Amino acid sequence: MLPSGRQFSSGGLYFGSNSTLLIAVTKDHLVAHTRIFNHYLHSSYIILGVLEFAVLVLGVYLAFYIALPADQFSLISVEGTWITRALVFAFIMHSATLGMGVYQSFLREGFTSMVLRTVVAYCLLGCLVYTVLHLTFDTLYLGDTTLLLAIVVSMLAIVVLRWCFFKAVDVSQLRRRVVFYGAGVKAVNLLAVLTQGGKQLGSEVIGCVPAGDECNVDKGLIIAPPGNWLDFIRDQNVSEIVVVADERRRGEGGGLPLSDLLDCKLAGTSVIDAINFCERETGKVELDLLNPGWMLFSDGFRFSQARDIAKRIFDLLVCFVLLLLAWPLMILTMLAIVVETGRPVIYKQVRVGLNGRTFEVLKFRSMVKNAEKDGKAVWAQQNDSRVTPVGNFIRNTRLDELPQLWNVLKGDMSFVGPRPERPEFVDELAKTIPYYQERHRVKPGLMGWAQLNYAYGASEEDAAQKLRYDLYYTKNHSLLLDILTALQTVEVILLGKGVR
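Written out as structure tokens, the structure is:
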């Protein structure tokens, strides 16, 4: 047994809070999550993404080979001038596929949906961005014929690659095999969380080993406590043990078998606690498992001046680019509002920002004038009767949020972060939802992690669900997570997800 004062981390096999990318094509690595800048990514998607990036570069090379005469092709091939343009093309098209949620769509919706998303990503988003590039940096443009060939060749090759990848790699067979240590109320709640929404997870729970007398899970999941844990994990091919016991004290009854768990960990089996497991698998922090000690000692919820500076630079760059591209839409939106219901065009509303400080958020007015006649704050609802026809359109397309670019430039908001709420709602929700104020530890955002992962709702339960994702962002926010959120928000806008 371990000495009485000895403790060990149950955080599992992570690469560290700011790890570099380490990939080995083995069964465990394909289903594992790689942690990059505190954000978990499916290793299988990373491997597929690297392969697809290479295909995109080779697609440009093949397009030049088909489109150019032999002497011109030999020249660019020898000089290597095609490489820079090929890398830019690959980066743009790869970003477009991320924005359309192509990598997740196969597991959620099937092969046909993935193909349709790929076509839209390449033909719509990719071509749009590439056209802007052509107008600004002509030296990076491939040429009309070469661009068309590169898109067609790359798109066909990538669809075939994905089909082969998902045929060769049976995702259901490659999931990490997980055993819960604990079969009580916490185990029941965690199993319920993992099955919400029907999402395909990277792990398969093969059973629960009761800790003491607790036994609340389905009897079909119960596994008798093994006499030898090392033999058990080898026989059952267990990749990970999740400690989810209701009682975690050492000793008789529900005590943790620390020596056995440590043996398993040293033998190469990951040992992780319930809240970290849930966070990794679902991209949210489960409130029922949360406690102040975990927030204090977990890897996250920390201040970094370098990260804040990088985030601010990112915010400013994105704002300037969006203002440059979106000003015609902003003018048309203002004209449409004036024609429909007159002025004012801009609507100001007090919201809660960083560390609880209030500020005025700016939006294009989408409701009738005096929508809150009695001055009382009212939750927005689906199909709200106060929303005008023009207002409904600009809400669906997120055009009503464009004036908030000014809030970002001022520093009241960030480009990505938890969506700011009204003080009246914050006071009300903080009384009933634990840890609600913790979402104000970072700047509010124009777009948020919660909006990507949870459909729009205007109730206390919806606020609690969104808080789980906001806390994940607050704990793990980084430039990488901001970029991923921004790219995937394109899918939300195009498909009208979460509109209110």
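The sequence shown begins at 53 in the working numbering and counts up one residue at a time.
Using N, Cα and C, we set each Cβ at its ideal position, and we do this for glycine too.
In this text, all values refer to a predicted model and were calculated from it rather than measured experimentally.
Residue i and residue j closer than 7 Å at C-beta
i: isoleucine 275; j: tyrosine 233; result: no
i: tyrosine 521; j: lysine 336; result: yes
i: isoleucine 210; j: valine 107; result: yes
i: valine 404; j: valine 478; result: yes
i: valine 109; j: alanine 142; result: yes
i: valine 397; j: methionine 382; result: no
i: asparagine 459; j: valine 413; result: yes
i: valine 290; j: arginine 229; result: yes
i: leucine 531; j: phenylalanine 416; result: no
Member of the options whose CA lies at the smallest distance from the CA of residue i
i: threonine 247; options: Glu333, Lys219, Pro486 and Asp452; result: Glu333
i: aspartate 351; options: Tyr525, Gly320, Pro455 and Phe141; result: Tyr525
i: asparagine 528; options: Gln517, Trp501, Ser511 and Leu539; result: Trp501
i: alanine 510; options: Leu533, Ile535, Leu532 and Leu481; result: Leu481
i: isoleucine 324; options: Pro470, Asn268 and Ala297; result: Ala297
i: aspartate 283; options: Leu313, Cys267 and Lys271; result: Leu313
i: lysine 462; options: Thr385, Leu368 and Ile327; result: Leu368
i: proline 475; options: Phe411, Cys330 and Lys271; result: Phe411
i: isoleucine 135; options: Tyr113, Pro121, Ala122 and Asp123; result: Tyr113
i: leucine 384; options: Phe445, Phe366 and Asp436; result: Phe445
i: glutamate 266; options: Lys238, Asn343, Lys363 and Ala244; result: Lys238
i: valine 167; options: Arg409, Val204 and Lys363; result: Val204
i: leucine 523; options: Gly264, Asp315, Phe217 and Arg471; result: Arg471
i: arginine 493; options: Gly408, Asp436, Met465 and Ser311; result: Gly408
i: lysine 488; options: Gly279, Ser311, Leu342 and Gly101; result: The displayed chain sequence assigns tyrosine, not lysine, to residue 488. The residue with the shortest Cα to Cα distance from tyrosine 488 is Leu342.
i: aspartate 340; options: Phe372, Asp315, Thr440 and Leu243; result: Leu243
i: tyrosine 117; options: Glu512, Leu199, Cys175 and Gly101; result: Leu199
i: tyrosine 508; options: Met465, Asp436, Ala362 and Pro344; result: Asp436
i: asparagine 280; options: Pro309, Lys271, Gly264 and Val295; result: Pro309
Contact set for residue i: own chain, Cβ-Cβ below 6 Å, skip 5 residues either direction
i: leucine 406; result: Lys495
i: leucine 65; result: Any reading at leucine 65 must be qualified, since the residue scores a pLDDT of 31, below 50, and its modelled position is unreliable; the value itself is stated next. Excluding sequence neighbours, leucine 65 sits near Ser322.
i: proline 277; result: Val261
i: lysine 518; result: Ala502 and Tyr506
i: glutamate 161; result: Note that glutamate 161 has pLDDT 49, beneath the 50 cutoff, so the model's placement of it is unreliable and the number below is only indicative. There are no such residues.
i: tyrosine 399; result: Lys415 and Arg417
Own chain, CB closer than 7 Å to residue i, minus 5 neighbours either side, in chain order
i: alanine 378; result: Leu454
i: methionine 347; result: Phe353
i: valine 240; result: Asn268 and Val269
i: leucine 213; result: Leu103, Glu104 and Val107
i: alanine 319; result: Leu282
i: valine 442; result: Ala388, Ile389 and Glu392
i: threonine 197; result: Ala119
i: alanine 202; result: Gly111, Val112, Ala115, Phe141 and Leu194
i: aspartate 287; result: none
i: glutamate 338; result: Val245, Ile327, Cys330 and Arg520
i: alanine 515; result: Leu481 and Ile485
i: leucine 273; result: Gly259 and Cys260
i: lysine 317; result: Val323
Cutoff 8 Å; reference residue i; Cβ partners in own chain excluding five residues on either side
i: leucine 375; result: Leu457
i: alanine 538; result: Val370, Phe467, Val468 and Met499
i: asparagine 422; result: none
i: valine 171; result: Met207
i: glycine 303; result: At glycine 303, the pLDDT of 46 sits below 50, so the modelled position is not reliable; the number obtained from the coordinates is stated separately. For glycine 303, where only same-chain residues beyond five positions count, there are no Cβ hits under 8 Å.
Interface flag, residue i vs chain D, CB-CB below 7 Å
i: phenylalanine 353; result: Included in the structure is just one protein chain, with no chain D present.
Buried/exposed call for residue i, threshold 16 Cβ in 10 Å
i: asparagine 448; result: exposed
i: glutamate 490; result: buried
i: threonine 78; result: Low local confidence applies: a pLDDT of 40 at threonine 78 is under 50, so the model's placement there is unreliable, with the coordinate-based value given in what follows. By the 10 Å Cβ count, threonine 78 comes out exposed.
i: cysteine 260; result: buried
i: lysine 219; result: exposed
i: glutamate 392; result: exposed
i: isoleucine 327; result: buried
i: aspartate 452; result: buried
i: arginine 395; result: exposed
i: glutamine 357; result: exposed
i: alanine 122; result: exposed
i: glutamate 473; result: buried
i: isoleucine 285; result: buried
i: glycine 236; result: buried
i: glycine 497; result: buried
i: valine 231; result: buried
i: valine 373; result: exposed
i: serine 311; result: exposed
i: serine 418; result: buried
i: alanine 138; result: buried
beta-carbon residue i near the ligand ATP non-hydrogen atom, thresh 6 Å
i: glycine 352; result: Ligands in the displayed structure: none, and consequently the ligand ATP is not present.
- Length-filtered (3 minimum) beta strand (DSSP E) runs lying within the segment 458-502: Complete beta strand (DSSP E) runs here, min 3: 466-468 and 497-499.
- Within the segment 258-296, ranges of the beta strand (DSSP E) (whole runs, at least 3 residues): 292-295
- Item | beta strand (DSSP E) runs contained entirely in the segment 295-356, provided each spans 3 or more residues | 322-325
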